[in-house]
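In the working numbering, the protein residues as written are 6 to 320.
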Ligand code: AMP
Ligand code: MG
């Protein structure tokens, strides 16, 4: 069924809230990427997210709330979890904490787990929406499952237009990478690199954080090896273009068609990453994409993670 997708200006938060209250789907800007939101207490509404994205049901959603006090109604926060929330919320950090028995969230949103992933986004429009709504909003990225994440309204429309009820405009996403996910329902561990660097988290914790490379570390059920994928075939760590490839550069590289950051800034590259991939895909016309290497430090960890998954064979 094709729906009419309404586009709301930032001043139309009350109209956007009406969409959520009526159990419908609303995409909204956050500082990381555009999210596809639904009332996390409403199982039917949450089911619509999975249907619109064609997302596998085993992949739980991140619950977005306006503040830590509301987050504590759904999850159990240890001292360390609270310390991280206070240091980095609002911001690009998702905390996985034990689910409260009286949380009242749809079990589809948490994929039936006894933990819940929660975050408070740092985007004025998202915060206004969440504050006015006053409840938990389940929101994965607003793109078809497995595809490139959306950092602009046009990306959301291109991927999900006609399948969702509304979009709350909020400009281009300034961080541009999904949130960093930290397991805080036991020993602290990194589940997904993202828009908050490991270095920043360790500076607060004062101890190194365990990584998902470690087999004893808990895993995120949704970390699929092929993800964030353009339609075009992609090659990473390229030093130059081969044949007809579209070449995406980082820093000073000769002959790049597009660049994540000409000055070699990881912050700029993170903000541009998905927009550049969307653009390369749009102009590929059967050609493949090659991407320069990006240093493995700071936001480079998350950028390389996304590039690796985007380049993985999709069977
Ligand atoms: P997305 O919303 O597409 O950015 O994906 C959300 C990510 O959060 C997925 O990779 C999930 O596996 C992860 N996640 C959500 N809830 C949990 C949880 N309770 N435990 C571990 N990972 C989670
Ligand atoms: Mg996603």
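Beta carbons are placed, not taken as given, at the ideal position from N, Cα and C, and that holds for glycine. In this text the structure is predicted, and so the values were computed from the model without any measurement.
For this session: Sort 77, 97, 312 by Cα distance to residue 301 and report the nearest one.
Result: Looking up residue 301 in the chain shown gives position 296. Answer by Cα proximity: 312.
Exercise. Is any heavy atom of ligand 2 found at a distance shorter than 6 Å from the C-beta of residue 145?
Worked result: Within the chain shown, numbered from 1, the residue matching residue 145 stands at position 140. Checking the Cβ of residue 145 against ligand 2 gives yes.
Exercise. Roughly how many angstroms lie between the CA atoms of residue 216 and residue 270, to the nearest whole one?
Worked result: As a working note, residue 216 is residue 211 in the chain shown. As a working note, residue 270 is residue 265 in the chain shown. Cα to Cα, residue 216 sits roughly 25 Å from residue 270.
For this session: Within its chain, find whatever has a CB closer than 7 Å to the CB of residue 214; leave out the 5 residues flanking it on each side and keep chain order.
Result: Mapped onto the chain shown, residue 214 falls at position 209. Answer for residue 214: 193, 194, 195, 203, 206, 207, listed in chain order.
Problem set entry | Cβ-heavy atom distance, residue 226 to ligand 1, below 6 Å | Here residue 226 is taken as the residue at index 221 of the chain shown, counted from 1. Yes; taking the cut-off as 6 Å, the Cβ of residue 226 has a heavy atom of ligand 1 nearer than that.
Problem set entry | Segments of 4+ residues assigned as alpha helix (DSSP H) that fall wholly inside the segment 239-294 | 271-289
For this session: Run the CB neighbour count on residue 244, radius 10 Å, all protein chains shown included, and call it buried at 16 or more, exposed below.
Result: For the purposes of this step, residue 244 is identified with residue 239 of the chain shown, where counting begins at 1. Flag for residue 244 reads exposed.
Exercise. Is the segment 141-149 close to the segment 52-60, with three or more CB pairs under 8 Å?
Worked result: yes
For this session: Check whether the Cβ of residue 2 lies closer than 6 Å to any heavy atom of ligand 1, and answer yes or no.
Result: As displayed, the chain neither begins before 6 nor continues past 320, which places residue 2 out of reach and without an answer.
Exercise. Residue 22: which of 234, 130, 73 sits nearest, CA to CA?
Worked result: As a working mapping, residue 22 is identified with position 17 in the chain shown. Checked all of 234, 130, 73; the closest Cα to residue 22 is 130.
Problem set entry | DSSP-derived helix/strand/coil call for residue 136 | Taking the first residue of the chain shown as position 1, residue 136 is located at position 131. Helix, per DSSP.
Exercise. Rounded to a whole number of angstroms, what is the C-alpha to C-alpha distance between residue 305 and residue 274?
Worked result: Residue mapping note: residue 305 aligns to position 300 of the chain shown, counting from 1. Residue mapping note: residue 274 aligns to position 269 of the chain shown, counting from 1. When rounded, the distance between both Cα atoms is 9 Å.
Exercise. Cα-Cα, which of 234, 166, 246 is closest to residue 8?
Worked result: By 1-based counting over the chain shown, the position of residue 8 is 3. Closest by alpha carbon: 166.
Problem set entry | Strand pairing of residue 44, partner residues [DSSP] | As a first step, residue 44 is located in the chain shown; it is residue number 39 there, counting from the start. DSSP lists 142 as partners of residue 44.
For this session: Please report the residue range of the alpha helix (DSSP H) in which residue 194 lies.
Result: Translated into positions along the chain shown, residue 194 becomes position 189. Per DSSP, residue 194 belongs to no alpha helix (DSSP H); it is in the beta strand (DSSP E), 194-197.
Problem set entry | Coil, strand or helix - residue 33 by DSSP | On the chain shown, residue 33 is found 28 positions in, with the first residue counted as 1. Three-state result, residue 33: strand.
For this session: With DSSP as the reference, label residue 93 as helix, strand or coil.
Result: Within the chain shown, the letter at position 88 stands for residue 93. Here residue 93 sits in helix by DSSP.
For this session: Give the DSSP bridge partners of residue 185, in chain order.
Result: As a first step, residue 185 must be located in the chain shown, where it is residue number 180. Per DSSP, 98.
Exercise. If you compare alpha carbons, which of 10, 30, 27, 38 is closest to residue 185?
Worked result: Counted from its first residue, the chain shown places residue 185 at position 180. When only C-alpha atoms are compared, the closest one is 38.
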